[in-house]
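Quick notes on the structure that follows.
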Amino acid sequence: MDAGKGFKDQAVAALGCVSHGLDGHADTDKIDAAFAALRDGMSRLAGAMGDLSNVQGMRHGAAGGQPTLDVTRAQFFAAFADAACAFAYECHRAEPTVRPTQLEDEADFNAYLDDGWPVEIDGVPVDASAALFYADYEAYKDKLGEWRTTAKADEPVGEPH
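Going by my numbering, the sequence shown opens with residue 23, and the numbers climb by one from there.
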């Protein structure tokens with residue numbers, strides 16, 4: 023899961039992995055529809071559990087003499103929460119972890135940028151690679167991809183300014 027996403031987005035992504043894993047089956051459409059219904063049901067159940075949890079006295083016993091959940095229902099909710107969390111955790115563990123590109127990872131490309139496009143701000147030299155990396159990471163990745171696929175050691179991708 024992505025630490026940059028909010029909890030709701032992470033939960034939706036975790037439930038999304040319910041529908042993966044049976045590609046190539048003859049009844050893929052039926053399976054996908056059933057998984058979608060299961061995923062939606064799990065999402066609604068989790069939301070309802072959250073709503074119940076927010077009712078005064080439901081989580082920690084009676085409040086103000088109000089009745090609470092009986093043992094059977096409490097065990098059901100606990101078992102569902104345990105199973106859903108275990109499933110989401112296993113899905114998360116199965117996802118390959120992609121480490122974001124770090125500036126230091128691309129020394130050759132950085133040297134190419136720094137040598138080809140010198141940057142100076144009020145007389146202070148700045149590495150062009152660092153300026154691009156920190157100011158516009160997506161542009162840095164785009165230029166890195168361009169450089170990897172089209173640049174040779176003696177052929178610049180573009181003309182230095």
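For every residue, glycine included, the Cβ atom is placed at its ideal position computed from N, Cα and C.
Values in this document were obtained by computation on a predicted structure and should not be read as measured data.
Taking the CB atoms as reference points, tell me whether residue i and residue j lie closer together than 8 Å.
i: Thr94; j: Gly79; result: no
i: Ser151; j: Asp136; result: yes
i: Ala106; j: Ala59; result: no
i: Thr123; j: Lys163; result: yes
i: Ala96; j: Met71; result: no
Could you name the residues that DSSP lists as bridge partners for residue i?
i: Ile143; result: Val146
Output the boundary residues of the alpha helix (DSSP H) element that contains residue i.
i: Gln97; result: 93-116
i: Asp127; result: Per DSSP, Asp127 belongs to no alpha helix (DSSP H) and is neither H nor E.
i: Asp164; result: 159-172
Would DSSP call residue i helix, strand or coil?
i: Met71; result: helix
i: Gly63; result: helix
i: Gly86; result: coil
i: Asp54; result: helix
i: Ala48; result: coil
i: Gly79; result: coil
How big is the Cα-Cα spacing for residue i and residue j?
i: Ala101; j: Thr50; result: 29 Å
i: Ala48; j: Ser75; result: 42 Å
i: Glu112; j: Arg61; result: 16 Å
i: Trp169; j: Leu125; result: 15 Å
i: Ala161; j: Phe155; result: 8 Å
i: Thr171; j: Tyr134; result: 14 Å
i: Phe57; j: Met64; result: 10 Å
i: Met23; j: Ile143; result: Low confidence applies to Met23: its pLDDT is 45, below 50, so where it sits in the model is not reliable, and the reading given next is rough at best. Roughly 39 Å separates the two Cα atoms.
i: Val141; j: His114; result: 42 Å
i: Ala153; j: Gly167; result: 17 Å
i: Ala108; j: Gly138; result: 51 Å
i: Val77; j: Ala110; result: 26 Å
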